[in-house]
Structure formats: C-alpha cells, structure tokens
Amino acid sequence: MTENFQFPTYFIAILITITRLISTIGKPKPWTNLLPQKLSDKFLDDPESIKLASSDYGNLVQEIPAAIFNPSSINDIMSLIKFSHQSSIPFNIAARGQGHSTRGQAMVRDGVVVDMAHLRKQRNGRGIEVFEDSSTGKFYVDVGGEQLWIDVLHSTLEHGLTLMSWTDYLYLTVGGTLSNAGISGQTFRYGPQISNVDEMDVVTGKGDFVTCSTRNNSELFYTVLGGLGQFGLITRARIALEPAPKRVKWVRMLYNDFSVFTKDQEYLISLKGKNQSHALHYLEGLLLMHQGPPDNWRSSFFPLSDHSRIISLVTKHSIIYCLEVAKYYDDHTQNTVDEELQVMLQGLNYIPGFIFEKNISYFGFLNRVRSGELKLQSQGLWDVPHPWLNLFVPKSRISDFDSGVFKEIVLKRNITTGPVLIYPMNHYKWDDRMSAVIPDEEVFYTVGFLHSSGFDDWEAFDIQNREILQFCENAGIKVKQYLPHYKTQQDWANHFGMKWMGFTEKKSKFDPRMILSPGQRIFNNNN
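Taking the working numbering, the leading residue of the sequence shown gets 11, the next gets one more, and so forth.
As structure tokens, this is what we get:
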C-alpha cells in the first residue's frame, strides 16, 4: 500500500507555500534599502500580510510576494512604479483589488503587491463623484480604479442615476473589471463595461500619470481597456450615466431543446424597436443539471412548490436550458411594462407551463448574486478552489459545442458544481481597437463554467476544463478565453491573433521593463 501512496496536490502546494514564506521572512531585498522614506513606510512584509496576498479567489495558485504596498494616494503608486522602472534591477508590481482572480493574475512572486483596498479606505468615499457636464447636460461618474461597483451603484442611485453596463457580481473593483472587459446579461444591449468608458487616468509602467480618452492619448486609452493590466494601472474612469429605473420584471423560461433555446436567445438580442423600448435590458442563459435544488446558487428564484416538477424535468432530459430575461421600468412605464414584455416573449418556444416571473427592485436585481455569496460564506463554501473556465464561442459552432461539451464531456463526467452560464452577445457592441479579444462572428456566446470544488478534488475540474479546450481545438471551434489563462507565450500569441504584434509593441512602449501584472504570465516567466 505504501508503494502507491501519493501526497494530494493541495498538500504539496501548502508545503511549497510554507517553505517559500519561511525563506522570505527576514531575507534582505536589495531594492528596499534604496527606497525613499515616504515609500518604505508604506511597505508590509509581516507573515500575515504576505499570506493574505499570496492567494486569490481561485485558491489554485500560491505566489509569495516580497512585500505589500499600502498607498495613501495615486502619487504613492506613481512613485513606486517610477522607482522600479528607474532601478538597475526593477521589481515586479501587481495591483490587487478584491483578489477575485482565479489563476493568480493579481499576484506576484518576489515582487510588490499594491493593496488597492487600502487606497479605497484612505479615500473614504471620496473616490466616486457624480456630476453634470454643463456643455452637454449629460451626467457622468468619475470613479477611482480601486472602488467597488457596489459602491458606485449606491452613489449613483442617490442621484437617481445608474450605469448602463454592470457585472453580475458587484463586489469587484472598477480597475479590475475594466482590465478584462466587464460582462453580464446587459452586454448584448449596452456592450461590455469597457465600451462605456469615456475617459481614464492611468499610471503607466514608467510611472507616468496620463489622462486618456478617445480624443487624447487614445492609443493608451484603447490599449488599457481589456489590456489585462499590462500597460498601466487604472486610477480613475469616467462613465456615462442615465436615469435609473425603479423596478425589474425578471422572467425565467425552461427549454429541453438546445437549438430552440439558442434561436429564442438570438431573436431576443436582435430586438431594438423604437428607442429600444421593445428590447430587453438583460438576457442570460444557464444549464440546469443534477445539482440539487434548482436554485441552489445565486439568489432564490423558482418557487419552492415548483421544485419537484423542475427536478423531474431535469431527471427526464439530463440537461434543461434556462432562459433568463429582465425588463426595467419606473413610475412612467409601470402601466406598459407587462404589455411590452408580453409582446417580446410571444412566439417563444419554451416548455409550456415552465415560465416563472418575479417583480423586484432595481437594486435587488443588480445585487442578486450577493445573497448566494453570503449563504456560501456561512456554510464555509466560499473560500474553496474555483477552477473556472470562461469562453467566447462563435454562434456558428455553438450547436457543436452543446453536443460535444455539454452532452458528452460535462454529462459523462457528472462533476459539475456551480452555475454553467450560456448567453449571446452582439459583436458590434464591442470596440476592436481595445485589447479585449472576441470571436470574429457578429453573434457569439459566452459560456462560463463557474465551478466550486473541495481542496482534494479540484484537479478533476481542471482535467475537464482541459478536455473541453482540447475538444474545441480538435473540432476547429475557434473559442477565445475570457479571463484568460495560458502557460506559454505562443498560446498568448494565438489568443490575441492579429492583435498580438500591436499588443507586444505597446507593452514595450508603456511598460518597457515589463514590471506590471506578471501574474498574467504573458511576458514574465512567473511560473
């Protein structure tokens, strides 16, 4: 028996982490002796601080930094980056907001982690400002990159205003999501969050403070949005606002035929109508499989009295596809919202009798994931490994993806825990000048496997993720990863495709010493 014994992978990871941590304590760092006093006072390298910055939400990667930097101002961040850039031996720097990355993207080995949460506390609510442009009469919000979207929502609603494009989960930083794209069920209509930014302040990899927009310093503006933190640290974003609705009609419909499900999704995101009054504000889809109660994640939705018949439906068909839509309304439109929603949904081919509706506050709808998070936290199921896989899949191959991935790999392995999302987006709502990469087709789907696992079985999910990617490669399905994770620079070159040459040139221009965001593992061999 002892011949076949192997330490579980997570034990090995813990041992490596402890060994690295012990080796760094008290170990001299050459550059620390050269730091100006105003910077050195802001560093922490005690074991507890180091430990907190050595993992992220994914709980799959451990990287031990040399120190944590607690900035009190943007000037502190500029000074830190400039110091590294001008040093004979520069050190790597990673900005950490909520640490919600899943593969160590917000971490750095032997470098400096900038704690953006500390800056948020120092600014004490002064990082969000709603104002009216006197020349146009339009309203905007200036928000610090360290701020959380949930706080942006609170602040704008106090003025009766709101952003147009949000993320599903609001306890993320502005700089974090804008460095990726920021997607949700509103993206088909309003585009990703990066398509809604008017202006930014950025600290480049040289330590330069640059205000940029489509009109001024536009190269940096487009490059930073979706740029995975490679070119600069976002310290402010200006985003347009519109009047906030009061309530939301929230509807879910169930399907057992994938082609019918996707046909209805694509029809709904094509609706525009006069002033888009006959268009939805939100559309997502998800898979229901053998995962316990049909609302065991996110917020409770399906009535308890319907659970048994929904579970019977899932048992009969193995996979049920759930179409989720929402229509916003306020005092002026509350008398017409039901009629408008009925017009939009008529002719859809969901399973008769399996349509469910809720009427909820606008804030409650946007913050719907929070209750699920708190429930998981109370059960000790939040701080576990999250081997996520997020893909953009071309519309032309989504049926092949369903038959090869959902009906073969996922069903046969039968290990899926957590939501599996699938919903379409419109290409024209994205700006190809930005660094974010999407499929070439006019309509494409986002598919998210948002797994949660135990510390002793996360590798099974990782194997499934690799199997899914291998299937796509063998079948010629040109998927693009969202929140990408690759191991070689050639993989990154394939990911960016035609954008790769420009991406590398701009890295040389804005971060020539390759200081920023090494955890992405694009230019830095940080494995």
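Positions of the beta carbon are idealized from the N, C-alpha and C atoms, including for glycine. As the structure is a computational prediction, the values presented were derived from the model and not from experiment.
Same chain, Cβ closer than 7 angstroms to residue i, five either side skipped, listed in chain order
| i | result |
| --- | --- |
| F506 | V447, F513 |
| I419 | Q474, E477, I478, F481 |
| T272 | I408 |
| A170 | Reading the sequence as shown, one finds Gly at residue 170 and not Ala. So the qualifying residues of the chain are P253, A254. |
| P494 | H505 |
| G428 | W307, L460, H461, S462 |
Whole-angstrom distance between residue j and residue i, CA atom to CA atom
| i | j | result |
| --- | --- | --- |
| S89 | T187 | 24 angstroms |
| K337 | F366 | 14 angstroms |
| Q132 | S83 | 8 angstroms |
| K509 | N190 | 15 angstroms |
| S371 | K490 | 35 angstroms |
| I138 | V162 | 7 angstroms |
| G458 | W260 | 21 angstroms |
| H461 | D208 | 34 angstroms |
| W307 | H300 | The predicted model places W307 with a pLDDT of 47, which falls under 50 and marks its position as unreliable; any figure quoted below should be read in that light. When rounded, the distance between both Cα atoms is 13 angstroms. |
| F533 | T456 | 26 angstroms |
| S518 | L230 | 12 angstroms |
| K92 | M524 | 13 angstroms |
| V123 | I160 | 23 angstroms |
| E349 | V335 | 15 angstroms |
| L54 | S64 | 13 angstroms |
| G295 | P46 | 53 angstroms |
| R262 | L333 | 6 angstroms |
| S111 | P404 | 25 angstroms |
| L376 | K368 | 14 angstroms |
| W468 | P397 | 7 angstroms |
| V430 | R246 | 33 angstroms |
8 angstroms CB neighbourhood of residue i in its chain, flanking five on each side removed
| i | result |
| --- | --- |
| K52 | F79, N80, P81, S82, D86 |
| F198 | I279, L293, Y433, P434, M435, N436, K439 |
| D410 | A485, I487 |
| N206 | L173, M174, S175, Y200, I249, A250 |
| G121 | P75, A76, F101, N102, I103, A104, P528 |
Buried versus exposed call for residue i [16 or more other C-beta atoms within 10 Å across all chains shown]
| i | result |
| --- | --- |
| N359 | exposed |
| G36 | Because the pLDDT of G36 is 44, which lies under 50, any placement of that residue in the model is unreliable, and the question is left without a value. |
| V118 | buried |
| R225 | exposed |
| D125 | buried |
| Y150 | buried |
| N69 | buried |
| K516 | buried |
| K48 | exposed |
| Q240 | buried |
| P528 | buried |
| E156 | buried |
| G154 | buried |
| D267 | exposed |
| E6 | Outside the shown range of the chain, which is 11 to 537, sits residue 6, and nothing can be said about it. |
Beta-carbon proximity list for residue i, same chain, < 6 angstroms, skipping 5 on both sides
| i | result |
| --- | --- |
| I32 | Residue placement at I32 is poorly supported in this model, since its pLDDT is 43, which falls under 50; the coordinates still yield a value, given next. No residues qualify anywhere along the chain. |
Range of the contiguous beta strand (DSSP E) that encloses residue i
| i | result |
| --- | --- |
| A336 | 330 to 339 |
| E142 | 138 to 142 |
| A247 | 242 to 250 |
| I321 | Premise fails: I321 lies in the alpha helix (DSSP H), 317 to 327, not in any beta strand (DSSP E). |
| Q491 | 490 to 492 |
| I160 | Element bounds for I160: not the beta strand (DSSP E) but the alpha helix (DSSP H), 159 to 167. |
| N369 | 365 to 371 |
| D152 | 149 to 154 |
| F506 | Run containing F506: none in the beta strand (DSSP E); it sits in the alpha helix (DSSP H), 499 to 506. |
| L298 | 292 to 298 |
| L264 | 257 to 265 |
Range of the contiguous alpha helix (DSSP H) that encloses residue i
| i | result |
| --- | --- |
| Y277 | 268 to 280 |
| T573 | What is shown of the chain runs 11 to 537, which leaves residue 573 out entirely. |
| R476 | 468 to 485 |
| K519 | 510 to 520 |
| M210 | First-last for M210: 207 to 214, but that is the beta strand (DSSP E), not the alpha helix (DSSP H). |
Cβ-heavy atom distance, residue i to the ligand PLP, below 7 angstroms
| i | result |
| --- | --- |
| F513 | Summarising the ligand content, the structure contains no ligands, and the ligand PLP is consequently not present. |
Could you name each continuous alpha helix (DSSP H) segment of 4 residues or more that falls completely within the segment 378 to 447, going from the start of the chain to the end? 378 to 388, 408 to 411
Ordered list of alpha helix (DSSP H) runs contained in the segment 46 to 123, each at least 4 residues: 47 to 50, 57 to 62, 84 to 96
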